[in-house]
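Some notes on the structure that comes next.
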Amino acid sequence: MKLAIQENLIPGKSFLEKMHRAEEYGFQAIEVWGTNLTNRVDEITKSISKSRIKISTICAGYRGSLLSAEKRERDIAVKDIKDLLSIGSDLGVVGLIVVPIFGPPQLPDLSPWKKTEDIEKALLVKLLREIGEKAEKVDCLCLLEPLNRYETHLVKTVGQAIEIVKKVNSAGIRVMPDFFHMSIEEAKIDEAIKKGKDFIHHIHLADSNRLLPGYGHTDFKARFTPLKKIGYDKYMALECKVPGLAEKELPECVNYLKKCIE
Ligand code: LER
Ligand code: MN
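Here it is as structure tokens:
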């Protein structure tokens, strides 16, 4: 298992400085945000060539909404996601993190013919087939992230994300659990991870309260046991609040996580 960290958590003025710091703290990669990435590709590419660590993933950053009632919004989301997959491919990342929908539904309830969620899932599968084709072509995964019930109404568990991935049936679409959301939504986290063996290609790390691992009540040693059992050898990126001084907290957190992984 390899440790990564979201770019905004690392101190430093330039991206290169952040890469050097991340490496110094013991991380193997940085997760970048997709917002405005087109304008930052040059700086990031130059920094990659001067650093020993990598870019693990791109987190969201597309405009529009895949499950909007407005076609224009859906088209923007699909286009931006495809563009970010191309950028991801150039940067050599594992994939782009995509949340199917934030908040409540934006599509109508057409019951008794079809309920909103049935329409949303059918539409999502259709759009993901198109996105999956692009992802396969550029060799950059589209990683579906389940969120907790306070942030989405639709894909909340790893099992639900896997169901969608199976329906899409594209090697370009995979799953990305976030330990914070899992601690709220999963009935049995070990089971969810076991089920995710062929689907999980990235993970977000945070404690139960969205703070740095070690500051909440998640038992990270126990969480990593099923991951080891399924042979998970990919990145886990910190996405959390850092209480205190990053320079002190982040290297300590790397040591703590490494001990939990041992
Ligand atoms: C939001 O809570 C989250 O976990 C992010 O990774 C969504 O992009
Ligand atoms: Mn997340």
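Using my numbering, the first residue of the sequence shown is number 153, and each one after it goes up by one. For glycine and all other residues, C-beta sits at the position ideal for the given N, C-alpha and C. Keep in mind the model is a prediction, meaning the values are calculated, not measured.
Closer than 7 Å: residue i CB and nearest the ligand MN heavy atom
{"i": "His354", "result": "no"}
{"i": "Asp330", "result": "yes"}
{"i": "Glu175", "result": "no"}
Distance cut-off 7 Å: residue i Cβ against heavy atoms of the ligand LER
{"i": "Glu391", "result": "yes"}
{"i": "Cys211", "result": "yes"}
{"i": "Val251", "result": "yes"}
Range covered by the alpha helix (DSSP H) that runs through residue i
{"i": "Ser208", "result": "First-last for Ser208: Lys206 to Cys211, but that is the beta strand (DSSP E), not the alpha helix (DSSP H)."}
{"i": "Val317", "result": "Val310 to Val320"}
{"i": "Ala287", "result": "Thr268 to Val290"}
{"i": "Val193", "result": "Val193 to Ser201"}
Residue i versus residue j: straight-line alpha-carbon distance, rounded
{"i": "Leu237", "j": "Leu248", "result": "6 Å"}
{"i": "Ala313", "j": "Leu409", "result": "26 Å"}
{"i": "Leu262", "j": "Glu269", "result": "10 Å"}
{"i": "Ile239", "j": "Leu306", "result": "28 Å"}
{"i": "Asp350", "j": "Lys380", "result": "13 Å"}
{"i": "Ser335", "j": "Gly383", "result": "21 Å"}
{"i": "Val290", "j": "Ser241", "result": "6 Å"}
{"i": "Pro260", "j": "Lys273", "result": "13 Å"}
Host beta strand (DSSP E) of residue i (start-end)
{"i": "Leu248", "result": "Gly247 to Val250"}
Proximity below 8 Å, CB of residue i to CB of residue j
{"i": "Ile316", "j": "Leu296", "result": "yes"}
{"i": "Asp359", "j": "Gly368", "result": "yes"}
{"i": "Val406", "j": "Gly178", "result": "yes"}
{"i": "Ala181", "j": "Ala212", "result": "no"}
{"i": "Pro298", "j": "Leu276", "result": "no"}
{"i": "Val246", "j": "Lys373", "result": "no"}
{"i": "Ala229", "j": "Gln258", "result": "no"}
Expected contact under 8 Å - CB spacing of residue i and residue j to nearest Å
{"i": "Leu279", "j": "Leu357", "result": "28 Å between Cβ atoms; not a contact."}
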